[in-house]
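2 protein chains.
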Amino acid sequence: MAVYTEVSDEELIAFVAGYGIGEVTSCKGIAEGVENSNYLLTTETGSFILTLYEKRVNPDDLPFFLGLMGHLAQKGIPCPTPLEDGKGQSLGTLCGRYAAIISFLEGMWPRRIMPDHCAGVGEAMAKMHLAGADFDIKRPNALSVDSWRNLLQASGERANEIQPGLAGFLADELDALEAGWPRKDAGLPYGVIHADLFPDNIFFRRGELSGLIDFYFACNDVFAYDIAICLNAWCFEADGSFNVTKARRMLTSYRKVRDFSDAELAALPLLARGSAMRFLLTRLYDWLNTPKDALVTPKNPLEYLEKLKFHQGVSGPGAYGLE
Amino acid sequence: MAVYTEVSDEELIAFVAGYGIGEVTSCKGIAEGVENSNYLLTTETGSFILTLYEKRVNPDDLPFFLGLMGHLAQKGIPCPTPLEDGKGQSLGTLCGRYAAIISFLEGMWPRRIMPDHCAGVGEAMAKMHLAGADFDIKRPNALSVDSWRNLLQASGERANEIQPGLAGFLADELDALEAGWPRKDAGLPYGVIHADLFPDNIFFRRGELSGLIDFYFACNDVFAYDIAICLNAWCFEADGSFNVTKARRMLTSYRKVRDFSDAELAALPLLARGSAMRFLLTRLYDWLNTPKDALVTPKNPLEYLEKLKFHQGVSGPGAYGLE
Numbered sequence: 027m028a029v030y031t032e033v034s035d036e037e038l039i040a041f042v043a044g045y046g047i048g049e050v051t052s053c054k055g056i057a058e059g060v061e062n063s064n065y066l067l068t069t070e071t072g073s074f075i076l077t078l079y080e081k082r083v084n085p086d087d088l089p090f091f092l093g094l095m096g097h098l099a100q101k102g103i104p105c106p107t108p109l110e111d112g113k114g115q116s117l118g119t120l121c122g123r124y125a126a127i128i129s130f131l132e133g134m135w136p137r138r139i140m141p142d143h144c145a146g147v148g149e150a151m152a153k154m155h156l157a158g159a160d161f162d163i164k165r166p167n168a169l170s171v172d173s174w175r176n177l178l179q180a181s182g183e184r185a186n187e188i189q190p191g192l193a194g195f196l197a198d199e200l201d202a203l204e205a206g207w208p209r210k211d212a213g214l215p216y217g218v219i220h221a222d223l224f225p226d227n228i229f230f231r232r233g234e235l236s237g238l239i240d241f242y243f244a245c246n247d248v249f250a251y252d253i254a255i256c257l258n259a260w261c262f263e264a265d266g267s268f269n270v271t272k273a274r275r276m277l278t279s280y281r282k283v284r285d286f287s288d289a290e291l292a293a294l295p296l297l298a299r300g301s302a303m304r305f306l307l308t309r310l311y312d313w314l315n316t317p318k319d320a321l322v323t324p325k326n327p328l329e330y331l332e333k334l335k336f337h338q339g340v341s342g343p344g345a346y347g348l349e
Numbered sequence: 027m028a029v030y031t032e033v034s035d036e037e038l039i040a041f042v043a044g045y046g047i048g049e050v051t052s053c054k055g056i057a058e059g060v061e062n063s064n065y066l067l068t069t070e071t072g073s074f075i076l077t078l079y080e081k082r083v084n085p086d087d088l089p090f091f092l093g094l095m096g097h098l099a100q101k102g103i104p105c106p107t108p109l110e111d112g113k114g115q116s117l118g119t120l121c122g123r124y125a126a127i128i129s130f131l132e133g134m135w136p137r138r139i140m141p142d143h144c145a146g147v148g149e150a151m152a153k154m155h156l157a158g159a160d161f162d163i164k165r166p167n168a169l170s171v172d173s174w175r176n177l178l179q180a181s182g183e184r185a186n187e188i189q190p191g192l193a194g195f196l197a198d199e200l201d202a203l204e205a206g207w208p209r210k211d212a213g214l215p216y217g218v219i220h221a222d223l224f225p226d227n228i229f230f231r232r233g234e235l236s237g238l239i240d241f242y243f244a245c246n247d248v249f250a251y252d253i254a255i256c257l258n259a260w261c262f263e264a265d266g267s268f269n270v271t272k273a274r275r276m277l278t279s280y281r282k283v284r285d286f287s288d289a290e291l292a293a294l295p296l297l298a299r300g301s302a303m304r305f306l307l308t309r310l311y312d313w314l315n316t317p318k319d320a321l322v323t324p325k326n327p328l329e330y331l332e333k334l335k336f337h338q339g340v341s342g343p344g345a346y347g348l349e
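So the sequence lines, in the order shown, correspond to chains W and V.
Take any residue in the first sequence, count from 1 to its spot, add 26: that is its number in the working numbering.
Take any residue in the second sequence, count from 1 to its spot, add 26: that is its number in the working numbering.
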């Protein structure tokens with residue numbers, strides 16, 4: 027949960043006036059999202075999300091994020107669309123921060139994941155991968171394998187405070203990931219990925235997927251890495267067990283829209299280990315460095331250690347329910 | 027800010043189905059309010075507030091709070107109205123907590139207080155005091171003078187951690203307040219008061235007051251005590267100075283609806299000291315007892331120490347802008 031910036035009514039009214047959406051009737055901070063300040067804005071013409079970009083977002087990336095949402099929405103992907111002001115700009119400033127008004131998506135994110143949800147995620151992810159093909163701004167994945175050594179060193183031996191031996195385990199795993207990570211010329215299908223498709227970023231209504239949100243980690247990378255992130259985010263149970271039925275539903279729904287190459291299938295276990303490493307490392311860093319009185323409670327990194335170890339034991343895509 | 031309870035979609039849909047307001051289209055936790063969990067609920071028929079009552083609210087008080095809101099709304103006071111389910115009940119249960127769906131009020135609370143806001147508060151408060159006259163459930167003020175000695179003892183000498191000498195100062199002030207507090211037979215006009223009319227509980231739109239919210243401290247007490255709370259909450263500037271123009275606008279607008287008795291005017295300085303004591307003591311307790319990693323940041327008690335000292339120097343209502 028997070029609302030970091032207090033927006034005054036005068037500033038808000040002046041900002042919204044530029045968008046031609048009528049007068050502000052209400053604006054309430056939303057207790058969701060951890061990177062930015064989000065408000066549910068209602069005006070005479072409807073509901074919108076007002077986002078103020080806080081310091082963790084690089085302003086240089088905002089044209090990519092906002093442009094991508096607009097591009098995908100135009101291609102029929104159910105995702106938030108940034109509104110343009112009278113000058114055709116979707117990025118403005120409010121309270122000294124970059125800010126945007128974005129269309130409101132109906133639906134709720136699922137608290138209890140069912141196999142049907144995973145099927146919906148697979149299909150929507152594949153459609154998004156295809157729809158991003160002709161988006162012309164590029165953004166490298168700032169949290170891929172090249173970034174992990176610095177991240178690991180930032181926590182260093184303190185990883186052992188969370189679990190004895192963790193620092194050594196992660197050092198060994200990182201060596202293996204760096205050695206085995208697919209090279210750019212390995213031919214894995216590549217394009218725009220979301221890179222953060224966790225359950226709280228996907229809305230459903232009446233069991234049907236109604237929206238994908240929060241594109242603020244989107245980037246260019248191999249599609250299979252997005253799939254690996256979703257296997258970790260959607261297919262493990264609370265007790266740490268891997269639900270192969272959910273994985274099979276996700277992957278078979280995905281491949282109906284865009285089929286996998288053999289190289290992708292072969293790379294999946296390593297990419298899943300890498301995806302687990304990425305979230306483990308950022309959670310580890312946040313866990314060790316979040317002030318005790320912070321508004322945001324850091325997530326436990328050990329959840330991702332267990333996921334990583336599961337994928338270390340996987341020899342092929344059969345473990346994910348594929349024949 | 028606070029959302030304490032995570033509501034699953036299945037439970038939410040089942041709960042809302044009992045109210046005849048159509049199907050749920052969205053539900054987002056609101057980062058406002060510290061006592062309960064609040065969600066902005068949208069359905070096919072409109073927007074509502076869903077409140078889950080957390081442990082700081084005594085369930086025995088809920089019929090008073092919900093009944094009062096319904097009573098005042100019926101009398102034309104712009105305040106949230108609890109919806110009734112098919113059985114005529116406004117209090118239900120959701121996720122193991124008492125819960126209610128309440129009408130949504132347009133408007134925003136003012137971040138920068140202007141004298142016009144204070145005039146609106148005075149008028150609305152007086153109308154609310156009159157409208158509560160025939161509300162038939164009673165609730166004593168659990169945070170009035172009788173409760174302060176226990177509250178002060180709960181913090182004890184630790185008050186000196188915040189400011190040296192504070193414990194002694196508060197002990198002396200409490201003696202004075204207990205000795206001088208108006209007795210029940212003193213004839214001060216009495217009825218239902220809101221008891222927490224801070225700026226974030228009053229909405230405005232286009233400069234006009236559009237709603238009073240958060241009745242979860244409402245109780246029976248002398249009207250002038252509600253006024254004293256508002257003098258403290260609305261009429262001091264950020265630098266600690268008392269803005270007599272704001273006070274005069276508030277009090278003169280109030281008395282156009284319900285005039286003050288001489289006894290009320292004479293009691294106002296002491297009631298204002300008492301009101302400052304009440305918020306100082308609860309903030310002091312929270313300051314000393316909130317875990318460092320809590321989601322809610324405690325408010326600084328010393329703000330109310332300065333307000334208390336201002337009223338100690340007041341000899342009559344002239345200091346509040348009344349002739």
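Beta carbons: idealized from backbone N, C-alpha and C, even for Gly.
Query, Result
"Assigned exposure category for Thr-119/W - 16 Cβ within 10 Å defines buried", "exposed"
"Simplified DSSP assignment, three categories, for Leu-76/V", "strand"
"Pro-295/V and Val-340/V closer than 7 Å at C-beta", "yes"
"Validate contact between the segment 56 to 66 of chain W and the segment 53 to 73 of chain V using beta carbons, cut 8 Å, 3 pairs", "yes"
"Backbone secondary structure at Cys-245/W - three-state DSSP", "strand"
"Extent of the continuous beta strand (DSSP E) to which Tyr-65/V belongs", "63 to 69"
"Candidates Phe-74/V, Ala-193/V, Phe-91/V and Thr-69/V, of which the one nearest Leu-331/V by Cα", "Ala-193/V"
"Neighbourhood of Leu-169/V by C-beta, 6 Å cutoff - its chain only, sequence neighbours within 5 removed", "Arg-304"
"Cα-Cα separation, Ser-116/W to Glu-263/W", "39 Å"
"Given Leu-238/V as reference, the closest of Cys-53/V, Pro-106/V, Leu-92/V and His-97/V once Cα atoms are compared", "Pro-106/V"
"Closest Cα partner of Leu-76/W within the set Glu-110/W, His-143/W and Phe-268/W", "Glu-110/W"
"Endpoints, beta strand (DSSP E) assigned at Val-340/V", "Element bounds for Val-340/V: n/a, residue is neither H nor E."
"Three-state secondary structure assigned by DSSP to Ala-126/V", "strand"
"Buried versus exposed call for Asp-290/W [16 or more other C-beta atoms within 10 Å across all chains shown]", "One detail in the question is off: residue 290/W reads as Glu in this sequence, not Asp. Burial call: buried."
"Cβ contact (3+ pairs, closer than 8 Å) linking the segment 70 to 85 of chain V and the segment 209 to 227 of chain V", "no"
"Rounded straight-line distance, which links the Cα of Ile-103/V to that of Pro-225/W", "41 Å"
"CA nearest to the CA of Asn-326/W, picked from Leu-307/W, Gln-338/W and His-337/W", "Leu-307/W"
"Supposed close pair Leu-177/W, Ala-293/W - CB separation, criterion 8 Å", "Not quite, the Cβ-Cβ distance comes to about 22 Å (not below 8 Å), so this is no contact."
"Minimum Cβ-Cβ distance from Cys-261/V to chain W less than 7 Å", "no"
"Alpha-carbon to alpha-carbon, Pro-324/V and Thr-316/V", "7 Å"
"Neighbouring residues, chain V, relative to Pro-136/W (Cβ below 7 Å)", "Asp-35"
"Neighbour list for Glu-204/W in chain V, Cβ cutoff strictly below 8 Å", "In chain order: nothing, as chain V lies at least about 35 Å away."
"Where the beta strand (DSSP E) containing Leu-235/V begins and where it ends", "234 to 238"
"Residues near Asn-246/W by beta carbon distance below 8 Å, same chain, minus five either side", "Lys-164, Arg-165, Pro-166, Asn-167, Tyr-216, Gly-217, Val-218 and Ile-219"
"Stretch-stretch touch, CB-based, cutoff 8 Å, three pairs: the segment 148 to 155 of chain V with the segment 182 to 189 of chain V", "no"
"CA nearest to the CA of Leu-328/W, picked from Gln-189/W, Leu-88/W and Gln-179/W", "Gln-189/W"
"Leu-109/W at chain V interface by Cβ criterion, 7 Å", "no"
"Contact with chain W by Thr-51/V, beta-carbon distance below 7 Å", "yes"
"Extent of the continuous beta strand (DSSP E) run through Lys-153/V", "Here Lys-153/V belongs to no beta strand (DSSP E); instead the alpha helix (DSSP H) covers 141 to 157."
"Beta carbon proximity, Glu-132/V to chain W, threshold 7 Å", "yes"
"Cβ-based burial, Gly-96/W [other Cβ within 10 Å; buried from 16]", "buried"
"Three-pair Cβ contact test at 8 Å for the segment 263 to 283 of chain V versus the segment 137 to 152 of chain V", "yes"
"C-beta neighbour in chain V for Leu-78/W, strict 7 Å", "no"
"Interface positions of the segment 61 to 75 of chain W facing chain V (Cβ-Cβ less than 8 Å), listed along the chain", "Leu-66, Thr-68 and Ser-73"
"Secondary structure of Leu-223/V, DSSP reduced to three states", "coil"
"Residue range of the beta strand (DSSP E) that includes Thr-51/V", "50 to 55"
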